[in-house]
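The structure appears below as structure tokens.
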Amino acid sequence: MSKRTLLRLFFFALVPILFLVFMPRQQDPVASDGGALFVTSWGSDVTGTGTFKKPLGIAADSSGFVYVADSRNNRIQVFNASGTYLSAWGSFGAGNGQFNLPSDVAVDSLGNVYVADAGNHRIQKFTAAGAYITQWGSRGAGNAQFDTPSALAVGSSNNVYVADTGNDRIQRFTSSGTFISAWGTTGSGNGQFSGPLGIAADFSGEVYVADTGNNRIQKFSSADSFVAAWGTAGTGNGQFAAPTAVDVDTAGNVYVTDSLNHRVQKFLVVSANVNYVTQWGTFGTGNTEFNNPQGVAVSTTGATVYVADTVNDRIQRFSDAGTWELTWGSALTAPGLLSSPTDVHVNSLGNVFVADSGNHRIQQFTAAGAYTTVWGALGTATGQFNTPSAVAGDSAGNLYVADTGNHRIQKFGASNVFIASWGSRDSANGQFERPLGIATDSSGNLYVADTGNHRIQKFSPTGSFLSGWGTPGAGNGQFNAPSAVAVDNLGIVYVADTGNHRIQKFSSLGSFRGSLGSLGTADGQFDSPAGVAVDSSGNLYVADTGNYRIQKFSPGGEFRAKWGTFGTAGGQFDGPTGLAVSPNGNLYVADTVNQRIQVFTPVSLPGEDSAVFVSCFIATAAFGSALDPHVQALRDFRDRVLAPTRIGRVFLDLYYAWSPPAAAFIARHEGLRTAVRWALTPLVYTIEYPLLLGFLAVPAIAVAVRKRRHS
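If you want my numbering, it's the position in the sequence shown, counting the first as 1, plus 46.
What follows is the structure, encoded as structure tokens:
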């Protein structure tokens with residue numbers, strides 16, 4: 047094939063492309079819901095009777111029964127004092143007796159049960175057997191309205207006190223729901239609140255509030271007047287890190303779940319005098335260890351304390367002095383079981399690695415989910431982890447782990463042998479603030495979503511810092527808590543910009559290439575996306591975490607499909623985060639709050655299995671790299687304009703039939719490469735700035751017509 051023939055073919059190919067630039071867009075083919083086929087799942091059981099999925103509130107009645115607000119299972123479960131399951135009621139919904147994230151439970155002197163139905167912004171009342179009695183509340187800021195009521199308590203007169211969390215106030219009602227009073231505004235002064243999450247009332251009608259955002263406990267009289275406050279932010283005795291629940295016994299002992307310090311603190315309060323007594327608990331999964339405890343209840347005798355160990359999905363029972371007595375709930379720690387799995391990686395052999403975040407370990411499975419091995423434990427030594435949140439591998443078989451709580455990256459080789467680690471807590475190059483995402487490119491370079499520092503950092507395979515980009519904000523190239531990163535076969539970097547509810551796209555050097563998404567529930571919109579993955583064809587998958595679904599996009603960013611709703615069945619999700627594509631094209635999803643991994647086979651749309659999703663051969667040969675901005679513009683145009691249209695796909699099929707040998711010939715002749723670059727550059731500007739071309743074309747055509755008339 048001669049140079050002249052190649053050039054004629056090439057310039058002939060420009061004609062339909064230019065036509066398509068200006069032709070009206072046809073409707074893109076869009077997959078309906080159900081863009082993937084469910085294959086299998088494995089992990090921990092958190093939905094059966096007696097198991098929990100993020101228990102929040104807990105109460106004990108005079109008969110010794112224990113009521114648990116099993117929040118993510120949208121039910122109330124009842125146990126005896128020994129943890130034996132007795133009954134349950136509730137399901138997801140807005141009807142009578144249904145719940146949307148029930149966050150607390152309380153019992154009055156008659157045995158009636160009250161539930162803070164936080165997601166439905168209401169209080170529901172039941173008999174001790176779970177029969178529905180009544181409800182009150184709706185979303186708003188008026189009297190008897192609520193914004194995410196997170197806690198409630200019953201006083202000695204059976205008055206019901208509600209922590210109206212989103213409105214930063216306390217409301218008081220009769221047992222039938224009649225409004226009595228309210229107090230509190232947003233702030234840090236006495237009687238003001240910042241997101242109160244816990245409340246208790248003693249036998250004399252005095253009220254204690256866990257003022258969570260202000261890291262303190264406030265006490266009020268039975269007449270709603272401020273009495274005392276104690277606590278500041280910190281880890282010392284009497285200090286708090288997000289106190290979330292409070293209860294009081296008949297002797298005036300006050301118990302507080304100091305959630306982010308992973309402990310319970312006990313105080314003796316007499317009038318306005320507060321005395322620290324003791325504390326118990328550390329971070330972990332063993333007995334007397336906690337992971338973000340958010341509920342506490344004292345038995346009517348004052349001898350027993352029950353703690354909702356929320357992220358560990360269990361209840362722990364203690365004496366009033368803090369001596370451990372009993373644990374019951376979901377089993378999450380045995381090999382093969384999962385606790386808050388946040389990421390998944392599939393290597394070239396099909397082996398599956400899971401960041402078992404709540405258990406501070408990495409687990410390995412077969413492609414079908416059979417347990418293989420495990421390594422890691424809570425700690426700071428090499429090979430130990432503190433809430434590992436992401437895992438990635440390179441072509442050499444090495445495995446990298448984002449050791450989030452230790453603010454570092456760890457690297458492992460064959461047989462999971464430790465090789466190296468780097469990073470410490472801070473904001474300099476090579477330092478991290480809770481890194482949540484990690485990915486590798488074809489050269490083995492590592493990209494880290496440095497979440498707390500709102501940036502991406504790039505490292506060599508040995509951990510040497512190469513580059514970084516990003517600052518806090520919402521502009522192009524800025525981030526708000528980026529939590530995941532993925533790299534495609536061409537070196538394009540995709541970042542889940544979680545707090546900005548979008549995906550951003552960059553070159554391997556950090557040059558901004560575009561973004562997609564905004565806050566919402568429509569196709570192509572997101573709510574806190576926390577996972578991204580790219581398949582071998584360049585299709586993008588996004589874990590749309592807050593919308594409980596997965597979305598799929600073409601290489602050009604066009605919406606293709608979605609699947610998933612809130613729930614526990616196969617194909618349903620609760621907090622999906624990490625994603626991985628296996629060598630055979632299956633998609634693995636870390637279904638975090640459901641404590642499992644789900645596997646899907648994506649459903650291909652018309653055209654997705656054709657050549658339109660491979661490289662732009664001629665442009666790559668001319669410009670020397672698939673990452674060149676000109677090539678990227680042409681590739682985006684191909685996916686956005688050509689691929690969705692019938693005439694475009696016909697052209698692309700013809701193009702990919704003859705372009706590989708032509709591209710190889712062009713690459714060997716520098717003069718031809720230069721000529722093709724000269725020819726393609728106007729086309730790129732035509733694609734990116736079609737209106738500008740139109741304005742320039744009008745006078746050119748006018749001049750040509752005038753010359754023709756005078757000839």
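All C-beta atoms in this analysis are idealised placements derived from N, C-alpha and C, irrespective of residue type, glycine included. In this text the structure is predicted, and so the values were computed from the model without any measurement.
query                                                                                                                                                                      : result
Report yes if the C-beta distance between aspartate 581 and glycine 631 is below 8 Å; otherwise report no.                                                                 : yes
Roughly how far, in whole angstroms, is the beta-carbon of lysine 771 from the beta-carbon of alanine 589, given that I think they are within contact range, below 8 Å?    : The shown model of the chain, from 47 to 757, leaves out residue 771, and the question about it has no answer.
Candidates Ser227, Thr258 and Ala246: which alpha carbon is nearest serine 240's?                                                                                          : Thr258
Going residue by residue through the region 500-584, where are the continuous alpha helix (DSSP H) segments of at least 4 residues, counting only ones entirely within it? : none
For the structure I just gave you, are there three or more beta carbon pairs, one from the region 121-137 and one from the region 194-201, closer than 8 Å?                : no
Tell me which same chain residues have a C-beta within less than 8 Å of the C-beta of serine 28, skipping the five on either side of it?                                   : This structure cannot settle anything about residue 28, because the visible part of the chain is limited to 47 through 757.
Taking 8 Å as the cut-off, decide whether the C-beta atoms of valine 531 and valine 578 are in contact.                                                                    : yes
By DSSP's criteria, glutamine 410 is part of a beta bridge. Which residues make up the other side?                                                                         : Phe399 and Thr419
With 16 other CB atoms within 10 Å as the buried threshold, where does leucine 680 fall?                                                                                   : buried
What is the DSSP secondary structure of glutamine 238, counted as helix, strand or coil?                                                                                   : coil
So the alpha helix (DSSP H) valine 677 belongs to, where does it begin and stop?                                                                                           : 675-683
Which residue from Asn358, Asp150 and Ala228 puts its Cα closest to that of threonine 194?                                                                                 : Asp150
Let me confirm a value: aspartate 449 is counted as buried when at least 16 other C-beta atoms fall within 10 Å, else exposed. Which label applies?                        : buried
Would you kindly check if the distance between the Cβ of alanine 436 and the Cβ of aspartate 496 is under 8 Å?                                                             : no
CB-CB under 6 Å to asparagine 338, same chain, minus the five flanking residues each way: which ones, in chain order?                                                      : Ser305, Thr356 and Val357
Less than 8 Å between the C-beta atoms of proline 101 and asparagine 120, yes or no?                                                                                       : no
Just grab the DSSP bridge partners of glutamine 362 for me.                                                                                                                : Val353 and Thr373
Would you say the region 475-490 touches the region 531-540, given that touching needs at least three Cβ pairs under 8 Å?                                                  : yes
Classify valine 200 as helix, strand or coil using the three-state DSSP reduction.                                                                                         : strand
At a cut of 8 Å, does the region 107-117 reach the region 391-405 through at least three beta carbon pairs?                                                                : no
Note down the Cα distance separating phenylalanine 98 from valine 92, rounded to an integer number of angstroms.                                                           : 5 Å
Is the beta carbon of glycine 237 sitting closer than 8 Å to the one on tryptophan 229?                                                                                    : yes
Return the CA-CA distance between phenylalanine 313 and leucine 586, expressed in angstroms with no decimal places.                                                        : 53 Å
With H, G and I counted as helix, E and B as strand and the rest as coil, what does DSSP make of arginine 118?                                                             : helix
Do valine 344 and serine 353 have their beta-carbon atoms positioned less than 8 Å apart in this structure?                                                                : Serine is not the amino acid found at residue 353; the sequence shown has valine there. Not a contact, by the Cβ cut-off of 8 Å.
How close, in whole Å, do the beta carbons of alanine 297 and serine 628 come, if the pair is a contact with beta carbons under 8 Å?                                       : Incorrect: roughly 59 Å between the Cβ atoms, too far for contact.
Who are the Cβ neighbours of glycine 545 in its own chain at under 7 Å, not counting the five residues just before and after it?                                           : Asn526 and Ala527
Applying the criterion that 16 or more other CB atoms from any shown protein chain within 10 Å of the CB defines a buried residue, is aspartate 472 buried or exposed?     : exposed
In its own chain, which residues sit with a C-beta less than 8 Å from the C-beta of alanine 275, not counting the 5 before and 5 after it?                                 : Asn236, Asp257, Arg262, Ile263, Gln264 and Lys265
What do you reckon, are the CB atoms on alanine 279 and alanine 291 nearer than 8 Å?                                                                                       : no
I need the DSSP call for tyrosine 594, collapsed to helix, strand or coil.                                                                                                 : coil
Check phenylalanine 760 in the structure and name its three-state DSSP category.                                                                                           : The chain is shown from 47 up to 757; residue 760 falls before or after that span and cannot be answered.
From the DSSP secondary-structure annotation, give me the bridge partner or partners of proline 622.                                                                       : Asp637
At which residue ranges does the region 159-208 contain complete beta strand (DSSP E) runs of 3 or more residues, listed in the order of the chain?                        : 159-163, 168-172, 178-182 and 195-200
Taking 8 Å as the limit between beta carbons, can you name the residues of its chain near threonine 428, skipping five residues before and five after?                     : Gln456, Phe464 and Ser467
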